[in-house]
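These protein sequences, in sequence, are chains A and B.
So for the first sequence, the numbering used here puts the first residue at 36; every next one is plus one.
So for the second sequence, the numbering used here puts the first residue at 134; every next one is plus one.
Ideal Cβ placement from N, Cα and C applies to all residues, glycine included.
One structure is given below, encoded as structure tokens.
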Amino acid sequence: MTDLWTERDEPQPELQADRPINLPSITTTFLLPKTRPGRIFWRALRDNAMGIVIWGSVFSLLLAALALIFPYQQESNTLVNILSGLGLLERLTGAREIDIAAFSTFEGYLALQVLGWAPIIFSAYLIPQAINAVMAEERDGTLDLLLTTPLPRWRFLTEKALAIVVSLMCILFMMMVTLIIVTQAIAEIDFAIWQPMNSMWHIFPISMIILAFTLFLCVTLRQPRTAGGLAALFVLGNYFIRAISDMTDLPIFNILRHINLFEYYASVAALTEGVNLARDLGVVAFAGLIFLLAVVQFQRRDIGV
Amino acid sequence: MSNVNAIEISNLSKTYPRTTQTALSDLSLTVERGEIFGYLGPNGAGKSTTIRIMLDLIRPTSGKVLLMGRDAQRESVHVKHFIGNLPGEIRLWEHLNGRQILHYLAGLRPNVDLNDAYQMAERLQLNLSLKAGNYSTGNKRKLGIVQAMMHHPPLLILDEPTTGLDPLVRQTFHEMLMEARDAGATVFLSSHVLSEVQAICDRVAILRAGTLQTVQSIEALSHARSHIVTIYTRDALLAERWERIDGVKEVNITSGCLRLHVMGAIDAVIKQAATITIDDMTIEEPRLETLFMTYYGDKQA
């Protein structure tokens, strides 16, 4: 009887329609060969490739366009003047302690136009990705095929999540490179190379929270729409609670500020003062904790019911 | 390890929490190594639920499943090294072609020889260069069979494997199952097609509404098997002549049409039919539901 759990070095037989099937003998657990990790990860990353290119290109072009427009915008400074006159500027970006004058700079302009909204914009990428990673595979029945191989559930979820994380990093990297190139090329913009790096890194921790929370919803709930809706509500709810807490002195909002997702995201400060690495890593660690809960929940649940 | 049963199910029950519907009730079953075991039951009987518990896709409310002597829930990753599974409704990654799908799934198992998979695909006349989105139901099924068997598992768990397959391919598939059995594999095959189970299985369990009705050898089931024989004739028909034949349970005569419900062998009926002029004749296998009605009484229908 052929032992199929050992490597075959002999030449492969030619096709024979009537070749009988050989069966492996059953070995003990510790003798069983392990499957190489990474299959799910690479497959998911390949499937995401087009999305990475599209999202990365669109955002890179947007950043490039904003940088090109900036010198003209700086002359008139219309948007900043209007918002500033209405007293909305600091509230829109949730930057209570930031000097209004900072918005006349390229950093302020960038935060106002794009980076201040980045977590919300990226949630439009991360939420569908997380739903596709788990719920779509389950709905399509392909999860059954994967989980009837010797693939632990935790590894499936971890590799899928890692593929999304790497996809996001690729998009952020494309944006960072674009920002570095255009800011160095335009004479009117006084921008150090570390600034785009900081700003892109700073999007990462809050995005991890959004991803982990969405994955938790995906393994807990049955309907993709419900999971997607609640995840979107979580992001937008946090954003608006933060915006309201900036406009009011009510004690309840002061408490809510501290548990608010956007309290840990300050796009202008990341651009001008650099990132608080300890705080950002703390946020990533918290995202890891939520992901761990998702893994536990995924291990326990029935599939395809 | 070699003496353990391939499958041991003890007091297995499953109630779905959301619907509180009992899908399985106190099911106990043993499948010996090296046999082809049929798992029969009408749709909704609990066949797929049993299989999904065996594969640890769903968790039992109570009871235990041992596959090759290992706990199917607690040691599920280990157990899956030895299982090949064909789901009842196979769905594939539609953007991938057959070859890519086999490559993907083979990569999740250690040391799978893809040449074996390609040979099986060729035997089943499956074109692996087509995208799964372009596959017919039969082709999806073929790919499902290949992925279930490509690593030569000692235990094959197949849920309605021949649905959508044409008769020739079905024959090839049956041959492949026989070869697997001859090489020592155990096959657990769920079906609602009585004739298929009769053709290839050694023993059969019949499940109904989540409860095991019986476990029989295929000979015993054949003895219990029934047919509906319909004869169209212009000759005069006398009910008594047919009622006297062994195994005839029910005789219905309408103008020019004789309808018989025959239990067991139909040889005597055919010989009797040869004595009259026949315009047309059909022999139908009763639906599984009818078989249950016949053998387990109306109250269980």
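Considering only C-alpha positions, which residue in the set Ala301/A, Ile338/A, His237/A is nearest to Leu203/A?
Your numbering for residue 203/A matches position 168 in the first sequence. Of the candidates Ala301/A, Ile338/A, His237/A, the one whose C-alpha sits nearest the C-alpha of Leu203/A is His237/A.
So with Cβ pairs under 9 Å, would you call Ile411/B a contact of chain A?
Numbered from its first residue, the second sequence carries residue 411/B at position 278. It does not: the Cβ of Ile411/B has no partner Cβ on chain A nearer than 9 Å.
Give the DSSP bridge partners of Gln349/B, in chain order.
Residue numbering aside, residue 349/B sits at position 216 when the second sequence is read from its first letter. The beta-bridge partner set that DSSP reports for Gln349/B consists of Val337/B.
Give me the Cα-Cα distance between Leu256/A and Ile399/B, rounded to the nearest whole angstrom.
As a working mapping, residue 256/A is identified with position 221 in the first sequence. As a working mapping, residue 399/B is identified with position 266 in the second sequence. Looking at the two C-alpha atoms, the distance is approximately 54 Å.
Through-space distance from Ala338/B to Ser60/A, alpha-carbon basis
The sequence position of residue 60/A within the first sequence is 25, counting from 1. The sequence position of residue 338/B within the second sequence is 205, counting from 1. Model confidence at Ser60/A stands at a pLDDT of 48, short of 50, so the residue's coordinates are unreliable; what they give is reported in the following sentence. Near 27 Å, if we compare the C-alpha coordinates of Ala338/B and Ser60/A.
Pair within 9 Å by beta-carbon distance, Ile241/A and Pro231/A
Position 206 of the first sequence holds residue 241/A. Position 196 of the first sequence holds residue 231/A. Not closer than 9 Å, so no.
Would you mind working out which of Gly231/B, Met283/B, Thr387/B, Glu165/B sits nearest Leu371/B, comparing C-alpha positions?
Position 238 of the second sequence holds residue 371/B. Minimum Cα distance to Leu371/B is reached at Thr387/B.
Exposed or buried, which one is Trp229/A when buried takes at least 16 other CB atoms within 10 Å?
The count along the first sequence starts at 1 and reaches residue 229/A at position 194. So Trp229/A ends up on the exposed side.
Under three-state DSSP, which class holds Ser302/A?
Within the first sequence, residue 302/A is the residue found at index 267, counting from 1. DSSP places Ser302/A in helix when its eight states are reduced to three.
Phe157/A, enclosing alpha helix (DSSP H) - first and last residue:
Translated into positions along the first sequence, residue 157/A becomes position 122. Run containing Phe157/A: 153-166, per the alpha helix (DSSP H) assignment.
Under 9 Å between the Cβ atoms of Leu354/B and Ile333/B?
Sequence index remark: in the second sequence, residue 354/B carries index 221 (1-based). Sequence index remark: in the second sequence, residue 333/B carries index 200 (1-based). No; because the gap between Cβ atoms is not below 9 Å, this pair is not in contact.
Span separating the alpha-carbon of Val149/A from that of Val169/A
Mapped onto the first sequence, residue 149/A falls at position 114. Mapped onto the first sequence, residue 169/A falls at position 134. When rounded, the distance between both Cα atoms is 30 Å.
Select from Lys273/B, Val198/B, Asp249/B the residue whose C-alpha is nearest the C-alpha of Leu439/B.
With chain B represented from 134 up to 434, any question about residue 439/B goes unanswered, as that position is not in the structure.
List the whole-angstrom C-beta distance separating Leu207/A from Phe248/A, where the pair is believed to meet the contact cut-off of C-beta under 8 Å.
The sequence position of residue 207/A within the first sequence is 172, counting from 1. The sequence position of residue 248/A within the first sequence is 213, counting from 1. The pair is not a contact, with the Cβ atoms about 19 Å apart (cut-off 8 Å).
Using a Cβ-Cβ distance cut-off of 9 Å, determine whether Lys213/B contacts chain A.
Position 80 of the second sequence, counted from the start, is the residue given in the question as residue 213/B. Yes, contact with chain A.
Drop a sphere of 10 angstroms on the beta-carbon of Trp226/B, count the other beta-carbons inside from all chains shown, and report buried for 16 or more, exposed for fewer.
Along the second sequence, read from residue 1 onward, the residue named residue 226/B stands at position 93. Trp226/B should be labelled buried.
Could you tell me which residues DSSP pairs with Glu383/B in its beta bridges?
Position 250 of the second sequence, counting from 1, holds the residue named residue 383/B. Per DSSP, His394/B.
Cutoff 9 Å: Arg303/B Cβ touching any chain A Cβ:
As a working mapping, residue 303/B is identified with position 170 in the second sequence. No - not a single Cβ of chain A is within 9 Å of the one on Arg303/B.
Cβ of Val362/B within 9 Å of Cβ of Ile416/B?
Reading the second sequence from its first residue, position 229 is the one you call residue 362/B. Reading the second sequence from its first residue, position 283 is the one you call residue 416/B. In this structure, Ile416/B lies closer than 9 Å to Val362/B by Cβ.
Is Pro154/A near Val270/A, with beta carbons less than 9 Å apart?
Here residue 154/A corresponds to residue number 119 of the first sequence, with the count starting at 1. Here residue 270/A corresponds to residue number 235 of the first sequence, with the count starting at 1. Yes, these two residues count as a Cβ contact at 9 Å.
Since Asn230/B sits in a beta bridge, which residues does DSSP pair it with?
Taking the second sequence and counting its residues from 1, the one referred to as residue 230/B is at position 97. Per DSSP, Lys264/B.
Any chain A beta carbon closer than 9 Å to Gly240/B:
Taking the first residue of the second sequence as 1, we reach residue 240/B at position 107. Chain A contact via Cβ: present.
Exposed or buried, which one is Thr77/A when buried takes at least 16 other CB atoms within 10 Å?
Mapped onto the first sequence, residue 77/A falls at position 42. Reading off the sequence, residue 77/A comes out as Trp, not Thr. Classification of Trp77/A: exposed, given that the 10 Å Cβ count is below 16.
For the structure I just gave you, are there three or more beta carbon pairs, one from the stretch 233-251 of chain B and one from the stretch 188-203 of chain B, closer than 8 Å?
no
Between which two residues does the beta strand (DSSP E) containing Ile140/B stretch?
Locating residue 140/B in the second sequence gives position 7, counting from the first residue. Start and end: 140-148.
Interface flag, Tyr172/B vs chain A, CB-CB below 9 Å:
Along the second sequence, read from residue 1 onward, the residue named residue 172/B stands at position 39. Chain A contact via Cβ: absent.
Reducing DSSP to helix, strand and coil, say where Ile61/A ends up.
On the first sequence, position 26 is the one that residue 61/A refers to. With a pLDDT of 49 at Ile61/A, under the threshold of 50, the predicted position of this residue should be treated as unreliable, and no value is reported.
Closest by C-alpha distance to Thr319/B, when choosing among Thr155/B, Glu141/B, Phe170/B, Leu145/B
The sequence position of residue 319/B within the second sequence is 186, counting from 1. Cα-wise, what sits closest to Thr319/B is Phe170/B.
Check whether the Cβ atoms of Thr163/B and Leu340/B lie closer than 9 Å to each other.
For the purposes of this step, residue 163/B is identified with residue 30 of the second sequence, where counting begins at 1. For the purposes of this step, residue 340/B is identified with residue 207 of the second sequence, where counting begins at 1. Cβ distance not < 9 Å, so Thr163/B and Leu340/B don't count as in contact.
Are there 16 or more other CB atoms within 10 angstroms of the CB of Pro287/B, so buried, or fewer, so exposed?
On the second sequence, residue 287/B is found 154 positions in, with the first residue counted as 1. Pro287/B should be labelled buried.
Any C-beta of chain B under 9 Å from that of Val340/A:
The residue you call residue 340/A lines up with position 305 of the first sequence. By the rule that beta-carbons nearer than 9 Å mark a contact, Val340/A touches chain B.
Which bits of chain A does Glu373/B rub up against, with CB to CB less than 8 Å?
Taking the second sequence and counting its residues from 1, one reaches residue 373/B at position 240. Going along chain A, no residue has its Cβ under 8 Å from Glu373/B, so there is no contact; the nearest lies around 53 Å.
Amino acids of chain A, ordered along the chain, whose beta-carbon sits closer than 9 Å to that of Leu200/B
Residue mapping note: residue 200/B aligns to position 67 of the second sequence, counting from 1. In chain order: nothing, as chain A lies at least about 11 Å away.
Under 7 Å from the C-beta of Leu186/A: neighbouring residues of chain B
On the first sequence, residue 186/A is found 151 positions in, with the first residue counted as 1. Ordered by position in chain B, the residues that pass the 7 Å Cβ test against Leu186/A are Leu241.
If you draw a straight line from the alpha carbon of Leu98/A to that of Met209/A, how long is it in whole angstroms?
Here the question's residue 98/A lines up with position 63 in the first sequence. Here the question's residue 209/A lines up with position 174 in the first sequence. The alpha-carbon atoms of Leu98/A and Met209/A are separated by roughly 11 Å.
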